[in-house]
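Counted the way this note's numbering counts, the sequence shown spans residues 29 to 419.
Beta carbons: idealized from backbone N, C-alpha and C, even for Gly.
Worksheet for the structure shown next.
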Amino acid sequence: MKKSLISLALAFAAFVANAVPVLRLVYGKDWSEAGRKLRKTFESAAFKAAAKGRYSVEIVDDSAGDSPKNLGTLKLPALFAISERGNCFCVIENLPAKAEPEQILKKVAYVDKIRQKAEAEGWRTADKCGEFLEKMERFTGGPKRVISEGFYPNVFKELVRLDPEDKTGWQRHFTMGDGIDIVEKATQFRKKGAVSNGEAFIEEEFKKPRKHLTKEQQQALLMAKFALYRGDESKKAEQVEFLSKIAAAGEDTFWGTSALGWLNILGEPPLSVYWGWRQGDFKGQRFATPVKYGVDAAFQRPGKYTISFIKESGVNLKIESVVLMAAKEEVATLEKPQISGDTTSFEYTLPTQLRGRIVSMVVKGSTDAAGGSSGKIKIERQILKPRKEVK
């Protein structure tokens, strides 16, 4: 018996040593044109030549939507890259039909290199386990998926063994999800009129380790506080405070977007591209006022942009310049406004190296002491070329 077990172990070790990662394309043959095109790509001589010796290919038709080889995605066609030991280390969802062999393999190879280096470091401590899983979640679809079947449940099991009481907080990072359960529970306390019980529940959640929570998970804890007090006019100041902190942490998450929407509903919209400015936002005879929300979302693609300030009501407002910021760094100062009626506009050409980096802008100018005006802010990318005149 002992000899047979040793033989099996040696055979498995030899298999792993000689095996290569699997590239599994999952698509719907009956309904996915993109998937059918990708199948041809994966079966092509060019793809086989590029993958030879590095990866083997597996193609799965998930037309019925119940294939056990689909590792939990509805965003087909999808590519799952699976290591020699059966751990999925990379997921590419909604794979475009025009994806080229080298383009696909380059992406997988990049993640594979990170995976191999991370695995080589081992999982000797709870922190090592957590750090490894956190690293791989970036490429597999988030904290919950990376510990699910087919990915790295073995590493999570080791994390639990090494830190059963979750003193590090790593378990919470991988099991909390986006925090919607906590927000929903706080909502139920409010609906039942058990606000004090809800406060005790939220207090306990804040006492748990939070060091390794994602930005969205941290925001969810604050959103639970808002959910508990929502609709209570006597607690409006607290609600605005919680929502403002959530939005300041990042508007690019589900909770960040939700917080901005609720601030607008409560009549407390922050100065932003979304809702423009209100009376009092531009304060003093000389002002230098930051605008954060909506700026990052606006400057995502290189090209020529028009930044417009459209006054709708109020007293004199003179906008003299706009400073564009990448984090705390000034990357451009626009000082030549074009004025047409109540609209002041600036032109800016965003270079490729700054795409996605501009996160705020500082508006400079002058108004009366009360700052009593309101209006809209627009950032528009110019996509139409001027027509050539017919001679």
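Go ahead and label residue i buried or exposed: buried means 16 or more other beta carbons lie within 10 angstroms of its beta carbon, across all protein chains shown.
i, result
"LYS9", "With the chain represented from 29 up to 419, any question about residue 9 goes unanswered, as that position is not in the structure."
"ALA74", "exposed"
"PHE43", "Reliability fails at PHE43, whose pLDDT of 38 lies under 50, so the model's placement of it is uncertain and the value that follows must be treated cautiously. PHE43 should be labelled exposed."
"GLN245", "buried"
"ARG189", "exposed"
"THR372", "buried"
"LYS31", "Any reading at LYS31 is ruled out, since the residue's pLDDT is 48, under 50, leaving its predicted position unreliable."
"GLN307", "exposed"
"GLN267", "buried"
"ILE367", "exposed"
"VAL350", "buried"
"LYS253", "buried"
"SER224", "exposed"
"GLU357", "exposed"
"LEU33", "Its pLDDT being 38, under 50, LEU33 is placed unreliably in this model, and the coordinates cannot settle the point."
"GLU130", "exposed"
Per DSSP, what are the beta-bridge partners of residue i in this structure?
i, result
"CYS157", "None, per the DSSP bridge assignment."
"LYS406", "SER336"
"ARG52", "GLU86, PHE108"
"TRP305", "GLY403"
"THR395", "LEU345"
"PRO298", "Paired residues: none, contrary to the question."
"THR317", "VAL391"
"VAL139", "DSSP output for VAL139 lists no bridge partner at all."
"VAL323", "None, per the DSSP bridge assignment."
Is it true that the CB of residue j sits closer than 7 Å to the CB of residue i?
i, j, result
"VAL387", "ASP324", "yes"
"GLY289", "TYR302", "no"
"LEU250", "PHE270", "yes"
"PRO237", "GLY197", "yes"
"ALA154", "ASP94", "no"
"VAL50", "SER84", "yes"
"VAL343", "SER300", "no"
"CYS4", "GLY56", "The displayed coordinates of the chain run from 29 to 419. Any statement about residue 4 would go beyond what the structure contains."
"GLN247", "ILE210", "no"
"ALA106", "LYS65", "no"
"VAL48", "VAL88", "no"
"GLU128", "TRP151", "no"
"GLY384", "GLN328", "yes"
To the nearest whole angstrom, what separates the beta carbons of residue i and residue j, a pair I think is in contact under 8 Å?
i, j, result
"VAL338", "GLY259", "Per the sequence shown, residue 338 should be read as Ile rather than Val. Contact flag wrong, Cβ pair sits at about 34 Å."
"ILE407", "ILE335", "5 Å"
"HIS201", "LEU256", "No, HIS201 and LEU256 are not in contact; Cβ-Cβ is about 23 Å, not under 8 Å."
"LYS97", "ARG52", "6 Å"
"GLN381", "GLY331", "13 Å between Cβ atoms; not a contact."
"VAL136", "GLY169", "Their Cβ separation, rounded to whole angstroms, is 15 Å, which puts VAL136 and GLY169 out of contact at 8 Å."
"LEU104", "SER60", "6 Å"
Can you find a C-beta in chain B that's less than 7 Å from the C-beta of residue i?
i, result
"ALA148", "Any reference to chain B falls outside this structure, which holds one protein chain only."
Sequence ranges, beta strand (DSSP E) only - wholly within the segment 332-391, length at least 3: Contiguous beta strand (DSSP E) elements confined to the segment 332-391 occur at 345-354, 357-362, 366-368, 371-378, taking only those with 3 or more residues.
Every unbroken alpha helix (DSSP H) inside the segment 162-214 [4 residues or more]: Complete alpha helix (DSSP H) runs here, min 4: 171-174, 181-190, 198-203.
Those runs of the alpha helix (DSSP H) which lie wholly inside the segment 202-276 and span at least 4 residues: Here the runs fully enclosed are 208-219, 223-235, 243-257.
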